[in-house]
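Quick note on the UniProt record's numbering: the sequence shown kicks off at 1 and runs consecutively.
A quick write-up on the structure given underneath.
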Amino acid sequence: MDVHGFSALLRFIQQWRNLFQQFDRDQSGSISFDELQQAFSQMGYNLSPQFSQLLLSRYAQGSSAPSIQLDRFIHICMQLQSLTDAFREKDTAMVGNVRLGYEDFLTMVMTRML
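What follows is the structure in structure tokens.
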């Protein structure tokens, strides 16, 4: 990686850190369930509390009060954006639903998440 690539990476991480700190209302250094719900909402995602809880359970690092650190927050947000983009490619009518075959679904997920 050259100096320009490094500078771009540093800016990218700093933007995510600023966003993370904006949603970390209690300044704990991690995002709680309520903070995650609010973050998703402010980023334009209309996700159920159950789905947010699923993400929290999947990505939280062990503690009595599950929360998400910066690196996992970035990971979740990037995956959500990638999968949302893939969904929108299929949802040409913008109705929030698509008809998708099983293998098409697997292809969409595998190419976006791996």
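From the three backbone atoms N, C-alpha and C, an ideal C-beta is built for every residue, glycine too.
Since the structure is predicted, the reported quantities are computational estimates derived from the model, not experimental observations.
Between the options, which lies nearest to residue i when the distance is taken from Cα to Cα?
i           : options                          : result
residue 120 : Ile-76, Gln-53, Ile-74, Asp-71   : Since the first residue shown for the chain is 1 and the last is 114, residue 120 is missing from the structure and cannot be characterised.
Leu-36      : Arg-99, Met-113, Leu-100, Ile-74 : Ile-74
Ile-76      : Tyr-45, Arg-11, Leu-106          : Tyr-45
Phe-20      : Ser-7, Gln-42, Leu-9, Ala-8      : Gln-42
Leu-47      : Arg-17, Gly-62, Ser-28, Thr-84   : Thr-84
Please say whether residue j and residue i have beta carbons closer to each other than 8 angstroms?
i      : j      : result
Ser-67 : Ser-32 : yes
Gln-79 : Ser-30 : no
Phe-51 : Ala-39 : no
Phe-87 : Val-95 : no
Label residue i either buried or exposed according to how many other C-beta atoms from any shown protein chain fall within 10 Å of its C-beta, with 16 as the threshold for buried.
i      : result
Tyr-59 : buried
Asp-71 : exposed
Asp-2  : exposed
Taking the alpha helix (DSSP H) that residue i falls in, what are its first and last residues?
i       : result
Ala-8   : 3-23
Ile-74  : 70-90
Arg-112 : 102-113
Ser-30  : Per DSSP, Ser-30 belongs to no alpha helix (DSSP H) and is neither H nor E.
Going by the C-beta, is residue i closer than 7 angstroms to any heavy atom of the ligand ADP?
i      : result
Phe-23 : By its list of ligands, the structure shown contains no ligand whatsoever, and the ligand ADP lies outside what it can speak to.
What does a CB cutoff of less than 7 angstroms around residue i pick up in its chain, not counting 5 residues either side in sequence?
i      : result
Arg-25 : Glu-35
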